[in-house]
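K.L.:
Numbering (the numbering used here), first residue to last: 131 to 625.
1) Quick one: grab the DSSP three-state call for residue 337.
2) Round the Cβ separation of residue 571 and residue 578 to the nearest angstrom and send it over; I've been treating them as touching at under 8 Å.
3) Does DSSP classify residue 322 as helix, strand or coil?
4) Which residue wins for smallest C-alpha separation from residue 448, given the options 394, 272, 371, 386?
5) Would you kindly check if the distance between the Cβ of residue 508 and the Cβ of residue 394 is under 8 Å?
6) Nearest CA to the CA of residue 297: which residue from 147, 221, 308?
7) When DSSP labels each residue in this structure, what does residue 107 get in the three-state scheme?
8) Do residue 234 and residue 276 have their CB atoms nearer than 8 Å?
9) With 16 other CB atoms within 10 Å as the buried threshold, where does residue 73 fall?
10) If you measure between the beta carbons of residue 318 and residue 355, is that distance less than 8 Å?
11) Look at the Cβ atom of residue 137, then the Cβ atom of residue 343, and state whether they are nearer than 8 Å.
12) Report back the beta-carbon spacing between residue 620 and residue 524 to the nearest angstrom; my notes put them in contact at under 8 Å.
13) Closest by CA to residue 313, which one among 325, 350, 266?
14) Excluding five sequence neighbours on each side, which residues of the same chain lie with their C-beta closer than 8 Å to the C-beta of residue 606?
15) DSSP three-state label for residue 529, please.
16) For residue 228, which residues does DSSP report across the bridge?
17) When burial is assigned at 16 or more other CB atoms within 10 Å of the CB, is residue 461 buried or exposed?
18) So residue 173 and residue 204 are supposed to be a Cβ contact under 8 Å. How far apart are they, rounded?
19) Would residue 322 and residue 287 qualify as a contact pair, given that the criterion is a beta-carbon distance under 8 Å?
20) Exposed or buried, which one is residue 306 when buried takes at least 16 other CB atoms within 10 Å?
21) Let's test the definition: count the other Cβ atoms within 10 Å of the Cβ of residue 376 and tell me whether it reaches 16, buried, or not, exposed.
22) Quick test of your reading: residue 147 and residue 347, contact by CB under 8 Å. State the CB separation rounded to the nearest angstrom.
23) With DSSP collapsed to three states, give me the class of residue 417.
24) Output yes or no for whether 8 Å exceeds the beta carbon distance between residue 529 and residue 538.
25) Can residue 164 and residue 435 be called in contact, C-beta distance under 8 Å?
26) If I follow the unbroken alpha helix (DSSP H) through residue 494, where does it start and stop?
27) Starting from the C-beta of residue 198, find all residues in its chain whose C-beta is less than 8 Å away, skip the five residues before and the five after it, and write them out in chain order.
28) Alpha carbon to alpha carbon, how far is residue 232 from residue 226?
29) Going by beta carbon distance, what residues of the same chain come within less than 6 Å of residue 445, once the five residues before and after it are set aside?
30) Use the C-beta contact count for residue 153: other C-beta atoms within 10 angstroms, 16 or more gives buried, fewer gives exposed.
31) Would you list the residues sitting across from residue 215 in a DSSP beta bridge?
32) Flag this pair as touching only if the segment 354 to 370 and the segment 249 to 258 have three or more C-beta atom pairs under 8 Å; answer yes or no.
33) According to DSSP, is residue 176 helix, strand or coil?
34) Using CA coordinates, which residue listed in 438, 473, 479 is at the minimum distance from residue 491?
35) Going by C-alpha to C-alpha distance, which of 409, 220, 382 sits closest to residue 325?
36) Under 8 Å between the Cβ atoms of residue 587 and residue 527?
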């Protein structure tokens, strides 16, 4: 018997032992979507019982990752809630009480085997071809013996007394009924010698006390579920509904790692990905919306999200597909939104010689010209830096393929003369610039591409840049004249 479908409460329970990686964040996302779809609660709980693996800054990065992805939690660190504290190291007394209950009702026992003795036991089992696992040495020992061991300074742990016969089953919302033979499960540790609980005990106690209705977690936890079912049974608790999410693999069908792309969510943030695109893409890894629609807003996903759409086949992470989707999101974003995002990028990445703050008015004009070319916001700098920082020019950066140096100088000199005309001087806008420049280049014995390319290179220092006439208009007449004169000086100096 599991908990009812009413009052949906789910949790994301990371350990602060490293960076917030893609697999964990997909789990957080699915929990968040499930809670939002059912108007339930999404709880953030920090599972830090293994203090030896705790990494400085890990918790902060997990929180940064969740906040960046927009996965706001209803209860947990920084929010509080009636079922706190939400950090396991602050709940030690609750686990001790649960372990004592299990000892008192005969479902657990103390064990004084040292690490060296356990190592020797495993080596013997391996040598004799026996399955690995605790051999139950302390299972029926008298309490007096163990108290004596405690006084002698031997480490004392608490183990669950697992029945040696029978089985336990549970229903997974994706995979259906799953059975486990109890003879394959050893008497596992629930309370360590330092008084801290193992993952299994803390997980069960917290999910019960926090009234978690559904546990959505990775399929690697399936093998641990019978242990949890036993703990629920022996403690007299009702287990939650289990949903074990499919594995996340690289394109080569191996476990997702650095070689498949970035693994930390914050790496994607720093690499110019939009959280909306990442949320959309991760949602489709293991969940089908019911139709062949790939681009879905967060609100659309919340409306459609249900457990029936989840499948048990491994989900394949494709960096190229994510990058494509990110480009779609950039193209669909408003000028106002992108101006804000791009302004933050340029403030960080333009050289200190560029005046701060970066001119938002100019940037707002640039955004519509470049957004269709971008796959990430990091691509922006190579397209627009010249708007804020005059290029360093050489013959090589100015002269176009198939155009001589003499022809290049002629084009630029005539462009300067044209810019001095009163009619364009008074109305230096895109349409006017295009009309006069096209009339001018019609007088050259060169292809249009070569002539306009020469002007573009002289002004921007780039082979690829936003549309030329818009670019000249945004830079302004005086800046364009100054840059073309500078290019002429470079060319004439090297004659």
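All C-beta atoms, glycine included, are put in the ideal place defined by N, C-alpha and C.
P.N.:
Let's see:
1) Numbered from its first residue, the chain shown carries residue 337 at position 207. It is helical.
2) The residue given as residue 571 occupies position 441 in the chain shown. The residue given as residue 578 occupies position 448 in the chain shown. At roughly 6 Å, the Cβ-Cβ gap stays under 8 Å, so residue 571 and residue 578 are in contact.
3) Start at 1 with the first residue of the chain shown, and residue 322 comes out as number 192. Reduced to three states, the DSSP call for residue 322 is coil.
4) Residue 448 sits at position 318 when you count from the first residue of the chain shown. Minimum Cα distance to residue 448 is reached at 386.
5) For the purposes of this step, residue 394 is identified with residue 264 of the chain shown, where counting begins at 1. For the purposes of this step, residue 508 is identified with residue 378 of the chain shown, where counting begins at 1. Not in contact: residue 394 and residue 508 (Cβ atoms no closer than 8 Å).
6) Residue mapping note: residue 297 aligns to position 167 of the chain shown, counting from 1. The shortest C-alpha separation from residue 297 is found at 308.
7) Shown here, the chain extends from 131 to 625; a query on residue 107 therefore has no answer.
8) For this step, residue 234 is matched to residue 104 along the chain shown. For this step, residue 276 is matched to residue 146 along the chain shown. Their beta carbons are not under 8 Å apart, which means residue 234 does not touch residue 276 by this criterion.
9) Since the first residue of the chain shown is 131 and the last is 625, residue 73 is not available in this structure.
10) Along the chain shown, one-based indexing puts residue 318 at 188. Along the chain shown, one-based indexing puts residue 355 at 225. No; because the gap between Cβ atoms is not below 8 Å, this pair is not in contact.
11) Your numbering for residue 137 matches position 7 in the chain shown. Your numbering for residue 343 matches position 213 in the chain shown. Yes; because the gap between Cβ atoms is below 8 Å, this pair is in contact.
12) Against the chain shown, residue 620 aligns to sequence position 490. Against the chain shown, residue 524 aligns to sequence position 394. At roughly 7 Å, the Cβ-Cβ gap stays under 8 Å, so residue 620 and residue 524 are in contact.
13) One-based indexing of the chain shown puts residue 313 at position 183. The candidate whose alpha carbon is nearest that of residue 313 is 266.
14) Sequence index remark: in the chain shown, residue 606 carries index 476 (1-based). Cβ within range, chain order: 558.
15) Walking along the chain shown from the start, residue 529 turns up at place 399. Coil, per DSSP.
16) Against the chain shown, residue 228 aligns to sequence position 98. None, per the DSSP bridge assignment.
17) For the purposes of this step, residue 461 is taken as the residue at position 331 of the chain shown. Classification of residue 461: exposed, given that the 10 Å Cβ count is below 16.
18) Locating residue 173 in the chain shown gives position 43, where the first residue counts as 1. Locating residue 204 in the chain shown gives position 74, where the first residue counts as 1. Their Cβ separation, rounded to whole angstroms, is 7 Å, which keeps residue 173 and residue 204 in contact under 8 Å.
19) Within the chain shown, numbered from 1, the residue matching residue 322 stands at position 192. Within the chain shown, numbered from 1, the residue matching residue 287 stands at position 157. Yes, the pair counts as a contact, with Cβ atoms nearer than the cut-off.
20) One-based indexing of the chain shown puts residue 306 at position 176. By the neighbour-count rule (16 or more Cβ atoms within 10 Å), residue 306 is not buried but exposed.
21) Translated into the one-based positions of the chain shown, residue 376 becomes position 246. Result: buried.
22) Here the question's residue 147 lines up with position 17 in the chain shown. Here the question's residue 347 lines up with position 217 in the chain shown. Contact flag wrong, Cβ pair sits at about 16 Å.
23) Here the question's residue 417 lines up with position 287 in the chain shown. DSSP places residue 417 in strand when its eight states are reduced to three.
24) For the purposes of this step, residue 529 is taken as residue 399 along the chain shown, with counting starting at 1. For the purposes of this step, residue 538 is taken as residue 408 along the chain shown, with counting starting at 1. The answer is yes: Cβ separation under 8 Å.
25) Indexing the chain shown from 1 puts residue 164 at position 34. Indexing the chain shown from 1 puts residue 435 at position 305. Against a cut-off of 8 Å, the Cβ pair of residue 435 and residue 164 comes out as a contact.
26) In the chain shown, residue 494 corresponds to position 364, counting from 1. Here the alpha helix (DSSP H) through residue 494 covers 490 to 500.
27) Position 68 of the chain shown holds residue 198. Answer for residue 198: 395, 396, 399, 405, listed in chain order.
28) Numbered from its first residue, the chain shown carries residue 232 at position 102. Numbered from its first residue, the chain shown carries residue 226 at position 96. Roughly 10 Å between the two C-alpha positions.
29) Working through the chain shown from its first residue, we reach residue 445 at position 315. Only 376, 378, 415, 416 meet the Cβ criterion.
30) Start at 1 with the first residue of the chain shown, and residue 153 comes out as number 23. Buried, by the Cβ-count rule.
31) In the chain shown, residue 215 corresponds to position 85, counting from 1. Per DSSP, none; premise fails for residue 215.
32) no
33) Taking the chain shown and counting its residues from 1, the one referred to as residue 176 is at position 46. In the structure shown, residue 176 sits in a strand (DSSP, three-state: E or B).
34) Counted from its first residue, the chain shown places residue 491 at position 361. The shortest C-alpha separation from residue 491 is found at 473.
35) Sequence index remark: in the chain shown, residue 325 carries index 195 (1-based). When only C-alpha atoms are compared, the closest one is 220.
36) For this step, residue 587 is matched to residue 457 along the chain shown. For this step, residue 527 is matched to residue 397 along the chain shown. The answer is yes: Cβ separation under 8 Å.
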